[in-house]
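Asks: Residue numbers in the first sequence follow full-length UniProt numbering, run continuously in steps of one, and reach 217 at the last position. Got a structure for you, written out below as structure tokens; questions coming shortly.
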Amino acid sequence: MTRKKIAELYARLHALDPEPKGELHYVNPFTLLVAVALSAQATDKGVNKATGPLFQVADTAEKMAALGEEGLTEYIKTIGLYRTKAKNVIALSRKLLAETGGEVPADRDYLETLPGVGRKTANVVLNIAFGQPFIAVDTHIFRVGNRTGLAPGKTPAQVEEVLERVTPPDYKLHAHHWLILHGRYICKARKPDCWRCPIADLCAFKPKTPPPAEGKG
DNA sequence: CTCCCGATAT
DNA sequence: ATATCAGGAG
Numbered sequence: 001m002t003r004k005k006i007a008e009l010y011a012r013l014h015a016l017d018p019e020p021k022g023e024l025h026y027v028n029p030f031t032l033l034v035a036v037a038l039s040a041q042a043t044d045k046g047v048n049k050a051t052g053p054l055f056q057v058a059d060t061a062e063k064m065a066a067l068g069e070e071g072l073t074e075y076i077k078t079i080g081l082y083r084t085k086a087k088n089v090i091a092l093s094r095k096l097l098a099e100t101g102g103e104v105p106a107d108r109d110y111l112e113t114l115p116g117v118g119r120k121t122a123n124v125v126l127n128i129a130f131g132q133p134f135i136a137v138d139t140h141i142f143r144v145g146n147r148t149g150l151a152p153g154k155t156p157a158q159v160e161e162v163l164e165r166v167t168p169p170d171y172k173l174h175a176h177h178w179l180i181l182h183g184r185y186i187c188k189a190r191k192p193d194c195w196r197c198p199i200a201d202l203c204a205f206k207p208k209t210p211p212p213a214e215g216k217g
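So, in structure tokens, the structure goes:
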């Protein structure tokens with residue numbers, strides 16, 4: 001995609017949503033870290049349903065560690081991959097407690113040493129909790145980057161590298177949310193709503209199926 | 001590459 | 001019924 005088209009793409013997403021926000025619930029960097037760790041292969045709504053009661057009881061590494069694996073499991077049983085997640089969240093809470101006193105460091109290399117925390121989760125925490133211009137590539141952004149031609153890549157790491165390189169500096173802080181929200185509500189995995197897409201004319205993907213029939217208005 | 005794994009949309 | 005959902009580890 002040309003630099004001109006890329007600038008136009010971001011300008012439109014910006015105009016439509018000047019202050020885009022994520023939909024995972026959290027109250028501090030630690031709860032954001034946990035919420036994102038729980039969100040792998042799960043919906044935001046499902047995660048929020050579980051973290052509501054959970055964070056009321058445990059909103060710090062110390063309290064989370066005190067819950068223990070069995071205690072945490074009772075809160076997150078409704079989330080997919082819950083056994084692995086319970087193990088990881090308790091382990092990362094204990095690790096933070098031992099190594100930083102429970103504080104979440106704004107350091108990507110350190111964050112990636114935590115169990116259950118990879119590149120994507122670390123980038124989300126740095127971007128959302130600490131306001132740093134990193135672009136976390138999740139399933140939505142991976143799809144949007146490839147479909148549109150904005151950031152093609154065979155792996156999330158490649159897509160991230162391209163996004164980092166082609167995204168104008170002024171847009172880097174919000175690029176993550178713009179692209180993820182676009183992917184969630186317009187550029188959907190199964191049936192993308194290209195007919196109401198604000199950047200369709202800039203996009204490499206051309207749908208074969210026509211828009212659904214209008215209800216009588 | 002496989003495994004993990006319940007809820008929801010289609 | 002099945003694809004998908006704010007992935008990460010072995």
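Glycine is no exception: its CB is placed at the ideal position from the N, C-alpha and C atoms.
1. Excluding five sequence neighbours on each side, which residues of the same chain lie with their C-beta closer than 6 Å to the C-beta of D193?
2. Report the rounded CA-to-CA distance for D109 versus C197, giving the unit in angstroms.
3. For A175 versus Y10, is the C-beta spacing smaller than 9 Å?
4. Within 10 angstroms of the Cβ of T31, are there 16 or more other Cβ atoms? Answer buried if so, exposed if not.
5. Just the C-alpha distance for R97 and V124, rounded to the nearest angstrom, thanks.
6. Between which residues of its own chain and G80 is the CB-CB distance below 6 Å, once the five residues before and five after are set aside?
7. For K63, which residues of its own chain have a beta-carbon under 8 Å away from its beta-carbon, when the five flanking residues on both sides are left out?
8. Okay, do the stretch 3 to 23 and the stretch 167 to 182 touch, 3+ Cβ pairs below 8 Å being the bar?
9. Could you name each continuous alpha helix (DSSP H) segment of 4 residues or more that falls completely within the UniProt domain "HhH-GPD" (38 to 185), going from the start of the chain to the end?
10. Quick one: residues in its chain with C-beta nearer than 8 Å to the C-beta of H14, no 5 flanking neighbours on either side, listed in chain order?
11. Taking the Cβ atom as the reference point for each residue, do G183 and T121 lie within a distance shorter than 9 Å?
12. Can you find the residues in the same chain that come closer than 7 Å, C-beta to C-beta, to F134, ignoring five residues on each side of it along the sequence?
13. Which word fits T155, buried or exposed, when buried means at least 16 other C-beta atoms lie within 10 angstroms of its C-beta?
14. Kindly indicate which residue of A136, A86, L150, D107 has the alpha-carbon position closest to the one of T51.
15. When you compare only the Cα positions, how much space is there between Y75 and L111?
16. Please name the residue in I180, P207, A136 whose C-alpha comes closest to that of P20.
17. My output table needs one value for C203: the three-state DSSP class, helix, strand or coil.
18. Are there any heavy atoms of the ligand SAM lying less than 8 Å away from the beta-carbon of K85, as far as the coordinates show?
19. Look up H14 in the DSSP assignment and say whether it is helix, strand or coil.
20. Which word fits N28, buried or exposed, when buried means at least 16 other C-beta atoms lie within 10 angstroms of its C-beta?
21. Counting only the same chain and skipping the five closest in sequence on each side, list residues whose C-beta sits under 8 Å from that of A7.
Replies: Concretely, from the data shown:
1. Mapped onto the first sequence, residue 193 falls at position 193. So the qualifying residues of the chain are I186.
2. As a first step, residue 109 is located in the first sequence; it is residue number 109 there, counting from the start. As a first step, residue 197 is located in the first sequence; it is residue number 197 there, counting from the start. Distance between the alpha carbons of D109 and C197: 37 Å.
3. Within the first sequence, numbered from 1, the residue matching residue 175 stands at position 175. Within the first sequence, numbered from 1, the residue matching residue 10 stands at position 10. It is a contact, given that the beta carbons lie within the stated cut-off.
4. As a working note, residue 31 is residue 31 in the first sequence. T31 comes out buried.
5. Here the question's residue 97 lines up with position 97 in the first sequence. Here the question's residue 124 lines up with position 124 in the first sequence. According to the sequence as given, residue 97 is Leu; it is not Arg. Taking the straight line joining both Cα atoms gives about 21 Å.
6. Position 80 of the first sequence, counted from the start, is the residue given in the question as residue 80. Counting only Cβ-Cβ distances below 6 Å, and skipping sequence neighbours, we find Q41, A42.
7. Position 63 of the first sequence, counting from 1, holds the residue named residue 63. Contacts found: V57.
8. yes
9. 44 to 57, 61 to 76, 82 to 100, 108 to 111, 119 to 124, 139 to 148, 156 to 166, 172 to 185
10. On the first sequence, position 14 is the one that residue 14 refers to. Counting only Cβ-Cβ distances below 8 Å, and skipping sequence neighbours, we find Y171, H174, W178.
11. For this step, residue 183 is matched to residue 183 along the first sequence. For this step, residue 121 is matched to residue 121 along the first sequence. It is not a contact, given that the beta carbons lie outside the stated cut-off.
12. To locate residue 134, count along the first sequence from 1; it is residue 134. So the list reads N123, L126, N127, once near-sequence residues are dropped.
13. As a working note, residue 155 is residue 155 in the first sequence. Exposed: under 16 other Cβ atoms inside 10 Å.
14. Mapped onto the first sequence, residue 51 falls at position 51. It is A86.
15. As a first step, residue 75 is located in the first sequence; it is residue number 75 there, counting from the start. As a first step, residue 111 is located in the first sequence; it is residue number 111 there, counting from the start. Distance between the alpha carbons of Y75 and L111 is about 24 Å.
16. On the first sequence, position 20 is the one that residue 20 refers to. It is I180 whose Cα lies nearest to the Cα of P20.
17. Numbered from its first residue, the first sequence carries residue 203 at position 203. Three-state result, C203: coil.
18. The ligand SAM is absent from the structure shown, which contains no ligands of any kind.
19. Taking the first sequence and counting its residues from 1, the one referred to as residue 14 is at position 14. Of the three classes helix, strand and coil, the one that applies to H14 here is helix, per DSSP.
20. Counting from 1 along the first sequence, the entry for residue 28 is found at position 28. Under this definition N28 is an exposed residue.
21. Against the first sequence, residue 7 aligns to sequence position 7. Correct list, in chain order: P168.
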